[in-house]
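Beneath this line is the structure, given in structure tokens, with notes to follow.
Residue numbers (the working numbering): 803 to 924.
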């Protein structure tokens, strides 16, 4: 519950940020925090698993490990951080400041370290 409260604080710091979701490698949400305006379809395990698979495919380009990915759509943007075995996905409006979202990476890494031990134990 305390982790979720922390994530909601992070969401409130970035105008337009609507959701932060931590998932395992299969796209199963471990913890998420959302606003009322977060798009429901972007929070489904199928969508979240696809984000993880896209990052895995990016690893095969021969450019090194895909650590983060930014996808921009007409109404939304999706920023993902690969912290194997945990994927962090942030969903925001298309007008949100992408740099501000990327700047949350360090704080989100601390949360992913906590969740990593849970995922590795299962």
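Ideal placement from N, C-alpha and C gives every residue a C-beta, glycine not left out. In this text, all values refer to a predicted model and were calculated from it rather than measured experimentally.
Three or more Cβ pairs drawn from the region 807 to 819 and the region 893 to 903 lie within less than 8 Å of each other, which places the two stretches in contact. By the Cβ-count criterion, residue 912 is exposed, with fewer than 16 other Cβ atoms from all chains shown falling within 10 Å of its own Cβ. Segment contact: the region 914 to 921 against the region 850 to 868, fewer than three CB-CB distances shorter than 8 Å; contact not assigned. For residue 920, the closest alpha carbon among the candidates 808, 815, 833 and 807 is that of 833. In the same chain as residue 858, and ignoring 5 residues on each side of it, the C-beta atoms closer than 8 Å to its own belong to 868, in chain order.
Excluding five sequence positions before and after residue 875, the CB atoms of its chain that fall closer than 8 Å to its own CB belong to 896, given in chain order.
For a cut-off of 8 Å, the C-beta gap from residue 847 to residue 829 is around 5 Å, short enough to register as a contact.
Residue 852 has its alpha-carbon roughly 12 Å from the corresponding atom of residue 880. DSSP places residue 814 inside the alpha helix (DSSP H), whose first and last residues are 804 to 815. Per the C-alpha coordinates, the member of 873, 905 and 908 positioned closest to residue 850 is 873. When the five nearest sequence neighbours on each side are left out, the beta carbons in the same chain lying within less than 6 Å of the beta carbon of residue 831 are those of 823 and 825, in order along the chain.
Put simply, of 856, 839 and 864 the residue whose alpha carbon is nearest the alpha carbon of residue 889 is 856.
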